[in-house]
Amino acid sequence: MSPQDASQMVEAAGSTVPPLVAVNDFVVKFANVNGSGSASANQLFAKAILRMGIPVTPRNIFPSNIQGLPTWYEMRISDRGHMGAREGTDLMVAMNPQTWDEDVRSIRPGGYLFYDNTKALPASKFRPDITVVGMPLTSFTNAAYSVPRERQLFKNIIYVGALSALINIDPKVIEDLLAEQFRGRDKLIAANHKALHMGRDYALAHLPCPLGLTLVPSDKVGDRIFIDGNTAAALGAVYGGATVCAWYPITPSSSLPEAFTRYCERYRVDKETGKKRFGIVQAEDELSSIGMVIGAAWNGARAFTATSGPGISLMSEFIGLAYFAEIPAVIFDVQRSGPSTGMPTRTQQSDITICAYASHGDTKHVLLIPEDPNECFQFSAAALDLADRLQTPVFVMLDLEIGMNERLTAPLAWDDNRRMDRGKVMTAEDLQSGRAFGRYLDVDGDAITYRTYPGTHPTRGSFFTRGTSRDEFARYTEAGDAYQRNMERLLKKWDTAKTLVPPAIRTDAGAATKYGVIFYGSTSPAIPEALEIIAAQCDVVLDQLRIRAFPFGPEVEKFIDGHETVFVVEQNRDAQLRSLLINELETSPKKLVRVLHYNGAPITAEFIAAGIGAHLIPAPLREAAE
Amino acid sequence: MSPQDASQMVEAAGSTVPPLVAVNDFVVKFANVNGSGSASANQLFAKAILRMGIPVTPRNIFPSNIQGLPTWYEMRISDRGHMGAREGTDLMVAMNPQTWDEDVRSIRPGGYLFYDNTKALPASKFRPDITVVGMPLTSFTNAAYSVPRERQLFKNIIYVGALSALINIDPKVIEDLLAEQFRGRDKLIAANHKALHMGRDYALAHLPCPLGLTLVPSDKVGDRIFIDGNTAAALGAVYGGATVCAWYPITPSSSLPEAFTRYCERYRVDKETGKKRFGIVQAEDELSSIGMVIGAAWNGARAFTATSGPGISLMSEFIGLAYFAEIPAVIFDVQRSGPSTGMPTRTQQSDITICAYASHGDTKHVLLIPEDPNECFQFSAAALDLADRLQTPVFVMLDLEIGMNERLTAPLAWDDNRRMDRGKVMTAEDLQSGRAFGRYLDVDGDAITYRTYPGTHPTRGSFFTRGTSRDEFARYTEAGDAYQRNMERLLKKWDTAKTLVPPAIRTDAGAATKYGVIFYGSTSPAIPEALEIIAAQCDVVLDQLRIRAFPFGPEVEKFIDGHETVFVVEQNRDAQLRSLLINELETSPKKLVRVLHYNGAPITAEFIAAGIGAHLIPAPLREAAE
Amino acid sequence: MTYLPKPKLAHPDLPKNALGFTRRDYEGPISTLCAGCGHDSISAAIVRACFELDLPPHRIAKLSGIGCSSKTPTYFLGNSHGFNSVHGRMPSVLTGANLANRELLYLGVSGDGDSASIGFGQFSHSMRRGVNMTYIVENNGVYGLTKGQFSATADRGAKNKRGVANLDEAIDMVSIAIQLGATYVARSFSGDKDQLVPLIKGAMQHTGAAFIDCISPCVAFNNHDGSTKSFDYVREHNEAVNFLDVITGRDEITVDYAPGTTEVVRQHNGSLLKLRKLADDYEVTDRVAAMDFLEVRKARGEIVTGLLYVDPDAEDMHGYMQTHDTPFNAMGDDELVPGAAVLAKLNASLR
Amino acid sequence: MTYLPKPKLAHPDLPKNALGFTRRDYEGPISTLCAGCGHDSISAAIVRACFELDLPPHRIAKLSGIGCSSKTPTYFLGNSHGFNSVHGRMPSVLTGANLANRELLYLGVSGDGDSASIGFGQFSHSMRRGVNMTYIVENNGVYGLTKGQFSATADRGAKNKRGVANLDEAIDMVSIAIQLGATYVARSFSGDKDQLVPLIKGAMQHTGAAFIDCISPCVAFNNHDGSTKSFDYVREHNEAVNFLDVITGRDEITVDYAPGTTEVVRQHNGSLLKLRKLADDYEVTDRVAAMDFLEVRKARGEIVTGLLYVDPDAEDMHGYMQTHDTPFNAMGDDELVPGAAVLAKLNASLR
Ligand SMILES: Cc1ncc(C[n+]2csc(CCOP(=O)(O)OP(=O)(O)O)c2C)c(N)n1
Ligand SMILES: Cc1ncc(C[n+]2csc(CCOP(=O)(O)OP(=O)(O)O)c2C)c(N)n1
Ligand code: SF4
Ligand code: SF4
Ligand SMILES: [Mg+2]
Ligand SMILES: [Mg+2]
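Protein chains in written order, with the numbering used here: chain A, 1 to 626; chain B, 627 to 1252; chain C, 1253 to 1603; chain D, 1604 to 1954.
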C-alpha cells in the first residue's frame, strides 16, 4: 500500500478512519535535529498563530546535547484555551529521519504527516490510518539556493510557507513577523518573504490545501503576552530590586540569570557614567553562588541565585546557615527530572522535599510555586520582599515546563506606588535614638527580629553572625535553654510566614461535591481540561485548590477538611507535596489520593483524568463505560 | 550561714532536708576546665566503679573548643542498670570556678558538693540544703609537688583518692587500673599510687567519710564491656571487611575513622612485608570523601565515610548519584545539634529527614539506627553487607551521645563462619559461561540487578555508570518510559530492603494496653526507667517498639495499628522519625503523639515520663496527684 | 558557655589615634583559644594595624569560615559586624558582601584547613576575581579545632604529634595566590609582630585581592619536633625578603628614603609602601620573578616572608565590573525599579 | 535518545597490535558531540594511544565529570568500564576507584569547567596525593554543554560569542598541576594529534599523577575571533618545547638517540620517554625551571606545549601509603576479618 493521498479516507485496523477535522483545536509537532536552526522557524510559526488571535502553547523537547540529536517542538492550538500538554499529534512535521518511526507512531488515527519526500521511503514506513503529505523539500530548496547555509536556513522558512497554506495561516502575519525580526535588514526580509511564498505557492499548487485541520482568526488571545517563565522571573527580580545575582550555569535555569543580565544592562546602567546598578557574578559553582547571595544579603543587598536540583543539593549546607542565622536569600529552583543528573532537559516537580527541608538539623523553608510566567514575575518580586521580611531563604519553584517554554500569560503589571519591603532593619537614626537592639530578640511578638546592616553606626548595632548557637543578643552560647528558645522562635516565625505567603487559590465546582483536587505549578493548565473530561466521563465535579506556597495557610487545611477525598496531582514519583501536606497539617494520609506523573514529559489532562477517574468509577463500571 | 558540715541535717526553704542516702544509685558530676588533663582521672574513677561490678554510665559534656572552657564529666551510677541520663546531680565535684554558680545550682536538695577550699568562698556561694565537703586541694598538692606539670597531673589523682574514701571505692581497684595504664613505667605507677593514697588519707582523716552516697561491690556488670560507639563502629567496619575509608574531620565523628585507622594498623598490616590491607584517606572535604567512597565501591572495594550533619549536607549531590546509579556506600552520621554548625558538641537526632531523603529528585535511603556500642559494631558490619546487597547508600545513624561516650554494652561477638555478602556480582566465569548481563535488568524479581567489577572480563560485562537516565543495559536514553521503569524498579528495591534491614524490636508491657511508645537510638536506655516512672505515677503500662532501621518493616505498621495512641520519642524539634512513619506507612498523624527533646543534652527518663504522662492523666487530675 | 566580656577598664591616658579611638576600641572580648596560640598574636596585630591606620572600626566587616582561626574575629574589632560562616566558604560570603557595599573594608580570616583543604576552590576563585579584601590565612598546618589532623599546607614528611608523617604534597598558598591573580601577597609569622603589622596595614590599604599567609603555630597540636610549623622551626627557616613600612597620608612628609636598600611603591589609591630590602635581588612588583624566587627558595627549605608581590595599579572586582559608586544596599526603588511604563512597553513587545 | 551504535564493519585487514586487537576494539559508539568539536579528536588520540601501547581495553577504567568533554568516555574504549560521575568531582571518584584496585589503569577525562571551575579543589587535591592516573582536561575555555559561558580557564579579556569580555584572571592548569605535585605534566592541542598521542602514551606509562591540559576548541561557542581558545588562535600561539616519543619494551632496541637535541628519560617502571628538544634551554625534569619557563612565556602570550615536566622516579599514592599488592577488591574474609578469637581478647581488654 502506498502513502495515502490527503483527500481520501484512511484505513485503520480494517475499518476506515475519517481524517481529523478541526478548527483552531489541534496539536502540531515538528521533529527536528538539534542545532539545525529550526527553532526560530518553529517560533515564527507559533507566533503567527498567536497573531491570528488563536491561543497556542508551544513546548520545546530537546536533548541534553548541543547539536545533532533529535529535538521536537510541539504546539497545542486551542481556541478553548487549553494550555496543558495533550497526548498524540494531529499534524506531524517529520524532519528528522532518526526519529521517523517514533514520530509516525505518535500521530493520532486520522491525523496528518507532513514530510520531505525528496528521498522515497518504503510504504512500510507509513501508516494506513493517517494522511500523508509529502513535499520534496530538500530538492526544492537545493534547486532554489546554492549556498549551503542558505539551504539550511530557508528550508525551514519554506516549510513554514507550505504549512501556512495547509492549515490556513495568514501569510501577511508571517510576513510582518519576519519584517519585525529582521528590522533594518531589508535584504534579509525580502529573502525570507520570498522563501515563505515559495513554500506556500508550492503547497497551494501541489498539496491538498487546506487539510482537515485549519485555523481561522479568533479573539481568544486578548492582551496576553508571550514569554517564558525564566525570563518573566528575571524581570520580576529587576522589579523586585535585586542588585546582586550570583549563579552557576545549569539547565534549565541558566536563561534566568542570563535574562536578568540583559534586562539589567537595559534598565540599570547609569546613562551618564555607564556605571552599573547591579553586580552579577558567574560563580565557580553553586556552593559559591549561594555563599555570595548570603554574603550580599547579610550586607543589605537584595540578592538571588538560580539553579536546578543538583545545585540545591550542593547548596544544602549554606541554606541551613541562612535559616539558622536568619539571612534573606532568594533561590530560583527551575526543576528538572532527577535524581542525580537524571534527565536534565525534561521537566519534573521533584525538588519539593529537598527545598522544603534543605540542610541537616531541624529546618523548614518557604517555597513559592508559580503556575505560569505571570506568576513567575510576581513571585520573583514577592520572594525578594518575603526574604527580607522573614529573614530566611525563600525558594521560587519553577520547572523546565514553565521556565523554558514561552506561554501565553496575563500582561505583567506593576504598581508604581509599590515600595520594596526591606523588613525590620534598624537605621543609624534608630540606634542613635537609643532604641534597644538585640539581633535575635523578638520585640514585636511575630518572632521576626531586627537586624542592622554592617557599617551602620560607629558604636551601636554591630553584631556577630554565626551558624552556631547564640543568645538573643547574638552572643555565642552553648546553653541548651538559649538554643531551644531560639529554635522555638524559629517555629513561631514559621507561623508568621503562613500569614505572608500567597494563599492557595480555591475554585469551587459550583455544585456540592465530596471530591477535591490539589495541584500546583506547571500542572495548572491541564487541570480545567482534566476536570472537563472527568465531568463528561464520570459525571463527577471536583473543587480545586491550587497551592502557591509553603508553609500552607489555613485555607489549605479547610479545603482538605471540607472534602472526603482529595486528589493530589504532582509531577514526581514520591508524592512530595502530599508528604508536606500530611506532615505539616496532620492530615490523614488516607484521604489524600496520589496522582503522579513523572516520566519527564509535562503532565496531560488525559493522564490526570484517568488517574482521578480510576478512583471515581469502580473498575467494572469503568470497563463497561469504555 | 557557713557551709554545712557533712554530718548535720541540711536546710531548704525553711524545712530541713535530710542528706541524700543511696547505695550504688546516684549521679556524680565533675566540673572541670577543658584541656586541664582531668579527663583521664575521671575515666579512672568510672572504670574503678565498673570494676567493683557496679554499672556506671559516664557522659562527657565538652565545649566546641580546645582549651580553657568549662567541661563536665557526669556519671550515672545505677545498680538497677539505668543508663539514661538523669536530671540533677547528687555529688558535684566542682573544680571550675567559672561555672561554680551553675554547678551548685544543679545539685539536688540534700546532695553533696566537693570542692577545693584552698581559697575561701563567701557563704553566699553555697546552698543551705546541701552538704558541702571542702578540701584544700591546691595548697595540699602544691605542698607535695613543686613541678607545675606534676601539680596539675597529681591534683586530679589526689581528688580521685579523696573521693574513693568519701564514697567507698576500693583503693585496690584504682591501684590496679593505674598499674595497667602505666604498665612498664614503674616509677609512674608508684607516683600515682602515692598521690592516690595522699588524697585518700587526707579524706579519711579530715572529711566525713563516707558520705550518704556509697558504693558496695556488686555483680551487675557481668561480662559487659566498656566502649564508645564510634570505636565499636570502627571495629565493625574492620570486621565487615571495609578496606577503604575516606573521611574529613568533624566532631563528633572523627574518632570513628581514627579508631578504624588504629585497628587496621593493628590487624591489617601484612606481618612479612609491612604492607597494608586498607587505604585510608583524609580527604580535603566531605564532597571528596563521599566521592572516594563511591569510586571505591564502584570498583568493588568495601568503603565507608564518617561525618556529621554539615558533611551530610555537602554530600547530598553524591548521595543522589549513588542512589540512582546504584552504587554501595556506607555513611556513618554521628549526629550533633543542628541546624548549621549548631551546637557541635551536643547531641541530637536531627539528621533523620536529610539522611532518609538526601539529594534532589525522588530518593529514599536506608538507615540503620543502633542503640548502643554493641549495635554500632553489629550495624557497621551489617551496613557493609547491606550496601553491597542493595547497591545503594546505607546510613548508620549514631549520635554524639552514643558515639563519643563509653557505654557498658554486651561483649562484641563474631561468627567465624560468617562471610561477607558481596551481593550480586558477576564474575569472569559467569560472563565467560555466557550468562546474560544487563546492569539494570531485574532478572531475579527482587529489583536488585547484577553488576561487574571493572576489569573483570576482556570483552564482556563492561558497562557505563552514570547519573543520567539509562535503559536496562546501562545505555544512555532520554526515553520517558525507560526512565520510569527504572524509577519504579528502585521503588520495588525499596520493598526488598524492608525484608533485609534489622527489624524493629517490640517489648510488650505484659498487660494489655492501648498505649505504645516508639523510640530509637540513644533514647533507648532512658525508656525502661521512664516506663517505670509512668507505671508508678500514672498506673499505665505501654508496649514498646524500638525502631532500628528505615525503611520500616511490617512489624512497625502492626505495632501502630495495634495501639490507640503511640508516643514517638525523639531528640529533635520537628518530629523527624514521626514524619517518616506517617509518610511511609500512611499512618494517621493523629494517633502518633510527639515527645520531643532537643536542647542538646541527652534525653532523660524524667522528661519522657513527663511528656507521655501529660497525655495520660488529664491536667486537673495531674495537679492533684503532684 | 557564653563568651567572656573583656574588662573594659578606663585608661584615660591610653594613646588615641586620629579618630580619637584608643586601641581598646579595636579589641573584642577575651579570646577562648589556647594560651599561646599563634592566632591570638595575629588578632593583636590586626587590632594594632586598624588602630594605627585610624580606621573607623564599624566600617570594617570581618568574615571567617570555621576553625580556631575562624573564631578569632569574635576576639577583635568588637564594634565591627562579623560573620563566622561555614567551613571553607568565607571567600564566597565575603565576595557577596563586597558586592553589596563596596565602601566597607573587608577582612577575611581563615585557617589552612579552611582555605587550603575544603576551601581551596573558593580561596582560589576569590583571588582570580580580584575581590577587594585583606585575606589572612592563619596557617598552622593542622586542623586545630578538630584536634590536630594534617591540613593541606602540612609539608610532605612533616610529622604529627604521634610521629606519623604526612603523605601529601603541601599547598603553598602564596605561590597559588600570585599564580591566580592576587595583587598583594605576603607571608609572615605570628611570632614576628613587627613584620606582620605593617603587612596587614599595607594589605588594608591595597585595592584588589590582598593575601597574607601568616604562619601561626598551634601550641596544642603542632608545635613539636618534626613539625615544620612549630615556633622553633619557623624561626629557624624564616627568610625575610624585605621589611615594610606603610606610610599613610599624615606621615608622608616625614619619611626618609635611604637610597639603594629602600624601595617606595605608590599604590593606586595614594598609599605608600616603603620597603627596606633584605634580599637585594628581590623585585616586589615583578610577578614572574617573584614566583621563581619563591620556588627556588622553597626548594632550599627556606620559608620566605615579607611582602612578596604587589601590583600597585591593581583593579578590583568592582573596577572590572564597572559598578556604580553608590553601594547597592543604599539604593532605593527609584534607582532600581524601572516602573510601570517600561513594563507596558515590554508587554507590547511580547505579543 | 539511546546512543548510536557504531557500525562494526569487519575489516579483516585492519592492523592488529601485540594483543591481537584492532583499533576498532578501542573505539566506542558514535560520538554525539558537534561535528568538528576538538573533544572528538582527543577521543581518537586516546584510542590510538591505547592501541599502540597494546593495553587490554578492559584493564582501563575511564572516569569523568559532567560536560561535553566528560561525555566523551562513552565514545571510546567501549570495552572498558566507564563512570560519568557528577560535575567537578571525577578526581575523588577516580581516587577512590584507584584505592580499590591499584592494578587497573585510570583515565580521568574532564573539562575546563569541570576541573578549573567547580572542580578546582578536587583537581588540585588529586594532584597533591599523587594518584596514579592520566588526567586529561579537554580545555575549551567555556562551558560547552550549558551553551558557552566562560570557564575559569578563559583568559581575562577574551571575548565570548556576543563580544562580552571575560573579567576574571585565567587559571593555568599546567602551572597549578606542577605547583601541587603532579609528576608528569603536559600541554597539547586537539588539533595536533602527532604531539598529543605520544603525550597520552607517556602519561599512561607514568607512575603517579599525570596531567595533560589539552586545548580543544569548542566549535559551537568558542571558535570565533576574540577567543583565545579558537583553532586559529591556538595554532598561531602554540610553542612546543619538545616532541615526545614513547618507547615501549619491544621498540626499545630500535631507538636511535640523536645526541644533543634529544633527551631520553627512563621512568621508574622501565618505560622510556624520548624527547626531541625544540626549546633547547628546556630541562624537562627541573620543576622550578619548568615553572619559571612557563610563566615567562605565558607573559609573552605564548601557549607552551609539549611535555613540560616529568619526575621519572615519582611515587604514587599507593607507594606513599604502602598498600598491599593485592587489590582491595580481590581480598576475602580471610585477609580482612580478624576473627572471633581476636575479638574475645579485645573484649577482655575493655573491661
Ligand atoms: C563541613 C564541615 N566539615 C567539617 C567541619 C569540622 N571542622 C571544624 S574546624 C575544622 C578544621 C579547621 O582547621 P583550620 O581551618 O586549619 O583552623 P584551625 O583550627 O587550625 O585554626 C574542621 C574540619 C565543619 N565545621 N564543617
Ligand atoms: C552541580 C552541577 N552544576 C551545574 C551543572 C550544569 N553543567 C553541566 S556541564 C557544565 C559545564 C561543563 O563545562 P566543561 O567542563 O568545560 O565541559 P565542556 O562542555 O566545555 O566540554 C555545567 C555547568 C551540573 N551538571 N551540575
Ligand atoms: S588548638 Fe591550636 S589552633 Fe586551636 S586554639 Fe589551641 S593552639 Fe590555637
Ligand atoms: S558545544 Fe562545544 S564542546 Fe560541546 S560538543 Fe559542541 S563543540 Fe564540542
Ligand atoms: Mg589550621
Ligand atoms: Mg569546557
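Beta carbons: idealized from backbone N, C-alpha and C, even for Gly.
- Note that the region 1651-1670 of chain D does not touch the region 1836-1843 of chain D; fewer than 3 beta-carbon pairs, one per stretch, sit closer than 8 Å.
- Contacts with chain D (Cβ-Cβ distance below 9 Å) from the region 1056-1082 of chain B involve T1078, Y1079, P1080, G1081 and T1082, listed in chain order.
- Cβ neighbours of C:P1343 within its own chain (closer than 6 Å, five residues either side excluded): Q1374, F1375 and S1378.
- Residue nearest to C:E1535 within the set C:L1524, C:V1517 and C:V1345 is C:V1517 (criterion: CA-CA distance).
- By the neighbour-count criterion, in which 16 or more other beta carbons inside 10 Å mark a residue as buried, B:G1060 falls on the exposed side.
- DSSP, reduced to helix, strand and coil, places C:H1458 outside both helices and strands of the structure shown, so it counts as coil.
- Listed in chain order, the positions of the region 1916-1935 of chain D with a beta carbon within less than 9 Å of a beta carbon of chain C are M1920, Y1923 and M1924.
- Rounded to whole angstroms, the separation of the alpha carbons of D:Q1808 and B:G710 is 60 Å.
- Considering only beta carbons, the part of the region 1663-1675 of chain D lying closer than 9 Å to chain A consists of I1669, C1671 and K1674, in chain order.
- Annotation for D:N1743 indicates a beta carbon within 6 Å of some heavy atom of ligand 2.
- Interface with chain D (7 Å Cβ-Cβ cutoff): A:D285 is included.
- Those residues of the region 400-414 of chain A placed with their C-beta closer than 8 Å to a C-beta in chain C are P411, L412, A413 and W414, ordered along the chain.
- Within the chosen limit of 6 Å, ligand 3 reaches the beta carbon of B:I692 through at least one heavy atom.
- The beta carbons of B:W924 and D:G1942 sit about 29 Å from each other, so the pair does not count as a contact at 8 Å.
- Taking 8 Å as the cut-off between beta carbons, the residues of the region 1637-1651 of chain D near chain A are C1637 and A1638, in sequence order.
- Nearest Cα to B:G1064 within the set B:G1093, B:E1098 and B:T757: B:E1098.
- For A:Y159, the closest of A:E87, A:T273 and A:N42 by C-alpha to C-alpha distance is A:N42.
- Neighbourhood of C:R1603 in chain A, by CB distance below 7 Å: I225 and F226, in chain order.
- Runs of beta strand (DSSP E) with 3 or more residues, each lying fully within the region 1153-1232 of chain B, are found at 1169-1173, 1191-1196 and 1218-1222, listed in chain order.
- In this structure, A:G613 is the residue among A:A428, A:G461 and A:G613 with its C-alpha nearest to the C-alpha of A:E532.
- In terms of Cβ geometry, C:S1403 and C:I1294 do not form a close pair [threshold 7 Å].
- Sequence-ordered contacts of the region 47-76 of chain A with chain D read P63, N65, I66, Q67, G68, L69 and P70 [C-beta pairs closer than 7 Å].
- As summarised for the region 181-225 of chain A, the continuous alpha helix (DSSP H) elements at least 4 residues long and confined to that stretch are 186-206, given in chain order.
- Beta bridge pairing from DSSP links A:C245 with A:I280 and A:F304.
- In the DSSP assignment, B:F958 forms a beta bridge with B:A932 and B:V1022.
- Against D:V1899, the close residues of chain C are V1540, in the order they occur along the chain (beta-carbon pairs closer than 8 Å).
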